[in-house]
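Note sheet for the following structure.
In the working numbering, the protein residues as written are 1 to 171.
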């Protein structure tokens with residue numbers, strides 16, 4: 001059986017040029033500075049008012065792209081929202097330029113970034129990891145400090161979530 005992301009890639013390539021047109025970027029070319037310039041990228045996140053999150057390299061978010069149920073293994077594409085989909089997931093820098101976009105299974109290369117000094121910022125859909133900061137789960141008993149952390153994180157994620165929604169609309 002082929003991995004899901006291999007099957008999906010063939011379908012995604014038909015939309016690749018539309019994504020490039022929409023984003024105004026060549027998705028096959030590397031960034032002009034590359035993701036190895038961690039200190040510089042992190043500093044620019046700080047400069048835009050994310051001082052609550054030192055060491056942030058990017059924001060990660062995803063959205064479901066609805067598809068017709070494939071003939072082979074359709075249950076694998078059934079999501080928690082009760083329809084067949086593939087996940088479109090992206091990582092962007094502080095200037096909202098995408099540095100990574102993936103449709104299908106996601107193997108994150110950011111897991112080892114900066115030896116624990118740098119992080120990605122994600123929303124509540126993601127699990128807390130050593131390399132991924134997410135909001136506290138609100139069970140009705142958050143402290144004032146935890147609430148402030150969540151508000152600051154949501155503020156940082158707001159514009160990126162809108163970008164991912166716009167990309168989803170292409171499909």
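Each residue gets a CB set at the ideal place from its N, CA and C atoms; glycine is no exception.
Since the model is a prediction, treat every value here as computed from it, not as a measurement.
Suppose you measure from the CA of residue 77 to the CA of residue 151; what does that come to, to the nearest Å? Here residue 77 refers to the residue found at position 77 when the chain shown is read from its first residue. Here residue 151 refers to the residue found at position 151 when the chain shown is read from its first residue. Those two C-alpha atoms are separated by around 33 Å.
Please confirm whether residue 124 and residue 61 have their CB atoms less than 8 Å apart. Taking the first residue of the chain shown as position 1, residue 124 is located at position 124. Taking the first residue of the chain shown as position 1, residue 61 is located at position 61. It is not a contact, given that the beta carbons lie outside the stated cut-off.
If contacts are defined as beta-carbon pairs under 8 Å, then residue 99 and residue 91 qualify, I think. What distance do you get, rounded to the angstrom? By one-based count along the chain shown, residue 99 stands at place 99. By one-based count along the chain shown, residue 91 stands at place 91. Going by Cβ atoms, the distance from residue 99 to residue 91 rounds to 5 Å, so yes, they are a contact pair.
Give the straight-line distance between the Cα atoms of residue 146 and residue 96, rounded to the nearest whole angstrom. Counting from one through the chain shown, the residue named residue 146 turns up at place 146. Counting from one through the chain shown, the residue named residue 96 turns up at place 96. Using only the alpha carbons, I get a separation of about 26 Å.
Cβ neighbours of residue 135 in the same chain (closer than 8 Å, five flanking residues each side left out): By one-based count along the chain shown, residue 135 stands at place 135. The answer, listed in chain order, is 123, 124, 149, 150, 153 and 154.
Just to confirm the assignment, what range does the beta strand (DSSP E) spanning residue 82 have? As a working note, residue 82 is residue 82 in the chain shown. From DSSP, residue 82 is part of no beta strand (DSSP E); its letter is neither H nor E.
Give the DSSP bridge partners of residue 88, in chain order. Within the chain shown, numbered from 1, the residue matching residue 88 stands at position 88. Partner(s): 63 and 103.
Residue 38 lies in the alpha helix (DSSP H); which residues open and close that run? Locating residue 38 in the chain shown gives position 38, where the first residue counts as 1. Start and end: 38-47.
What's the C-alpha gap between residue 63 and residue 126? Numbered from 1 along the chain shown, position 63 holds the residue referred to as residue 63. Numbered from 1 along the chain shown, position 126 holds the residue referred to as residue 126. Distance between the alpha carbons of residue 63 and residue 126 is about 12 Å.
Identify which residue in 46, 38, 83 and 101 has its Cα closest to the Cα of residue 67. Here residue 67 refers to the residue found at position 67 of the chain shown. It is 83.
Since residue 56 and residue 119 are thought to touch, with beta carbons under 8 Å apart, how far apart are those beta carbons, to the nearest angstrom? Translated into positions along the chain shown, residue 56 becomes position 56. Translated into positions along the chain shown, residue 119 becomes position 119. Right, their Cβ atoms sit about 6 Å apart.
Answer with buried or exposed for residue 81, where buried requires no fewer than 16 other C-beta atoms within 10 angstroms of its C-beta. The count along the chain shown starts at 1 and reaches residue 81 at position 81. Result: exposed.
Could you have a look at residue 153 and say whether DSSP puts it in helix, strand or coil? The count along the chain shown starts at 1 and reaches residue 153 at position 153. Helix.
For residue 129, which three-state DSSP category applies? Within the chain shown, the letter at position 129 stands for residue 129. The answer is strand: DSSP assigns residue 129 an E or B state.
Could you give the distance in angstroms between the alpha-carbon of residue 53 and the alpha-carbon of residue 47? Here the question's residue 53 lines up with position 53 in the chain shown. Here the question's residue 47 lines up with position 47 in the chain shown. Distance between the alpha carbons of residue 53 and residue 47 is about 11 Å.
Tell me the rounded alpha-carbon separation between residue 143 and residue 70. Mapped onto the chain shown, residue 143 falls at position 143. Mapped onto the chain shown, residue 70 falls at position 70. Their backbone Cα atoms lie some 46 Å apart in a straight line.
Use the C-beta contact count for residue 158: other C-beta atoms within 10 angstroms, 16 or more gives buried, fewer gives exposed. Mapped onto the chain shown, residue 158 falls at position 158. Answer is exposed; the Cβ neighbour count stays below 16.
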